[in-house]
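Colleague: In my numbering, the protein residues as written are 655 to 860. Glycine included, each C-beta is placed from N, C-alpha and C at the ideal position.
1. For a test of the three-state rule: what should DSSP assign to residue 742, helix, strand or coil?
2. Around the Cβ of residue 816, are there at least 16 other Cβ atoms within 10 angstroms (buried) or fewer (exposed)?
3. Would residue 792 and residue 726 be called neighbours here (beta carbons separated by less than 7 Å)?
4. Under a three-way DSSP split, which group does residue 772 fall into?
5. What do you reckon, are the CB atoms on residue 743 and residue 753 nearer than 7 Å?
6. Select from 832, 731, 776 and 789 the residue whose C-alpha is nearest the C-alpha of residue 798.
7. Note down the Cα distance separating residue 848 from residue 834, rounded to an integer number of angstroms.
8. Can you tell me the Cα-Cα spacing of residue 696 and residue 682, whole angstroms?
9. Please go through the same chain and pick out, in chain order, the residues whose beta-carbon is closer than 7 Å to the beta-carbon of residue 728, but skip the five residues on each side of it.
10. For residue 695, name the three-state secondary structure that DSSP assigns.
11. What I want to know is whether the C-beta of residue 795 ends up closer than 6 Å to one or more non-hydrogen atoms of the ligand ATP.
12. Please go through the stretch 758-843 and give each complete beta strand (DSSP E) segment of 3 or more residues, from N-terminal end onward.
13. Can you tell which of 822, 690 and 755 has its C-alpha closest to the C-alpha of residue 777?
14. Per DSSP, what are the beta-bridge partners of residue 684 in this structure?
15. Quick check on DSSP: helix, strand or coil for residue 726?
16. What residues are listed by DSSP as bridge partners for residue 848?
17. Please state the DSSP three-state secondary structure of residue 750.
18. Here's a check: name, in chain order, each residue in its chain whose Cβ is nearer than 6 Å to the Cβ of residue 782, leaving out the five neighbours to either side.
19. Just how far apart, CA to CA, sit residue 813 and residue 788?
20. On the three-state DSSP scale, how would you describe residue 853?
21. Does the Cβ of residue 700 have 16 or more other Cβ atoms within 10 Å, making it buried, or fewer, making it exposed?
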């Protein structure tokens with residue numbers, strides 16, 4: 655019995671077809687494995703088993719830390735407010751026990767009315783002193799800054815009273831001499847402060 659071998663052209667076509675099938679198997683197999691791995695990774699991230707490969711703050715459309723804080727300017731030609739007309743809450747943003755009570759006592763010695771004395775609700779504060787004020791307490795905050803060196807003043811449009819929140823930080827150096835304050839000298843706004851007229855808020859209910 656005679657066996658006929660396929661002609662060379664037929665063998666070449668068969669080889670090409672076999673190689674094509676092998677490449678397709680490798681390519682599609684690799685893609686399927688990659689998709690399975692990605693699906694498993696996504697499921698693990700979604701379920702919280704592994705952290706996401708990027709910072710949540712980066713993709714947050716409205717992260718809290720991205721809010722630009724405003725430093726208000728005092729009223730034009732405003733002079734220091736009398737100590738007895740100022741009310742302040744004192745918050746300890748450090749790990750030093752009793753700092754809020756000690757500082758509150760010092761401010762009270764000047765005549766300042768002290769409300770709350772407590773730890774800073776937001777944890778620690780790295781600066782010296784942070785004075786948070788609403789519309790009605792801007793000049794009060796600037797007056798307090800005269801005895802609180804290196805204080806920053808931050809405007810909070812939600813505060814509807816004149817009470818100033820005094821936050822003590824890691825660089826706090828104590829309360830200065832209130833007797834050295836010249837009550838006739840106009841208050842000077844901090845660098846880059848925003849004029850009252852440009853704060854863009856209503857004073858109603860303040």
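Modeller: Concretely, from the data shown:
1. As a first step, residue 742 must be located in the chain shown, where it is residue number 88. Strand.
2. By 1-based counting over the chain shown, the position of residue 816 is 162. Taking all protein chains shown into account, residue 816 has 16 or more neighbouring C-beta atoms within 10 Å of its C-beta and is therefore buried.
3. The residue labelled residue 792 in the question sits at position 138 within the chain shown. The residue labelled residue 726 in the question sits at position 72 within the chain shown. Yes.
4. Residue 772 sits at position 118 when you count from the first residue of the chain shown. If DSSP states are grouped into helix, strand and coil, residue 772 belongs with the strands.
5. By one-based count along the chain shown, residue 743 stands at place 89. By one-based count along the chain shown, residue 753 stands at place 99. Taking the C-beta atoms as reference points, residue 753 is found no nearer than 7 Å to residue 743.
6. Within the chain shown, residue 798 is the residue found at index 144, counting from 1. Residue 832 is the option with its Cα nearest to residue 798.
7. One-based indexing of the chain shown puts residue 848 at position 194. One-based indexing of the chain shown puts residue 834 at position 180. If you take the alpha carbons of residue 848 and residue 834, they lie about 27 Å apart.
8. Here residue 696 refers to the residue found at position 42 when the chain shown is read from its first residue. Here residue 682 refers to the residue found at position 28 when the chain shown is read from its first residue. One C-alpha to the other measures close to 21 Å.
9. For the purposes of this step, residue 728 is taken as the residue at position 74 of the chain shown. A distance below 7 Å between beta-carbons, with the five flanking residues on each side excluded, links residue 728 to the following residues of its chain, in chain order: 792, 793, 796, 841 and 843.
10. The residue labelled residue 695 in the question sits at position 41 within the chain shown. Looking at residue 695 - three-state DSSP - the assignment turns out to be helix.
11. Absent from the structure shown: the ligand ATP. Ligands present: none.
12. Taking only runs of at least 3 residues, the beta strand (DSSP E) segments lying wholly in the stretch 758-843 are 767-773, 783-787, 805-809 and 818-822.
13. Position 123 of the chain shown, counting from 1, holds the residue named residue 777. Nearest option by C-alpha distance: 822.
14. Position 30 of the chain shown, counted from the start, is the residue given in the question as residue 684. In the DSSP assignment, residue 684 is bridged to no other residue.
15. Taking the chain shown and counting its residues from 1, one reaches residue 726 at position 72. Of the three classes helix, strand and coil, the one that applies to residue 726 here is strand, per DSSP.
16. What you label residue 848 is simply residue 194 of the chain shown in a count that begins at 1. Beta-bridge analysis with DSSP links residue 848 to 726.
17. For the purposes of this step, residue 750 is identified with residue 96 of the chain shown, where counting begins at 1. In this structure, residue 750 counts as coil in the three-state DSSP scheme.
18. Stepping through the chain shown from its first residue, residue 782 is reached at position 128. Excluding residues within five positions, the ones whose Cβ falls inside 6 Å are 804, 823, 825 and 826.
19. Position 159 of the chain shown, counted from the start, is the residue given in the question as residue 813. Position 134 of the chain shown, counted from the start, is the residue given in the question as residue 788. Between the alpha carbons of residue 813 and residue 788 lies a distance of about 5 Å.
20. As a position in the chain shown, residue 853 is number 199, starting the count at 1. Three-state DSSP puts residue 853 in coil, outside helix and strand.
21. Residue 700 sits at position 46 when you count from the first residue of the chain shown. Its Cβ having fewer than 16 others within 10 Å, residue 700 is exposed.
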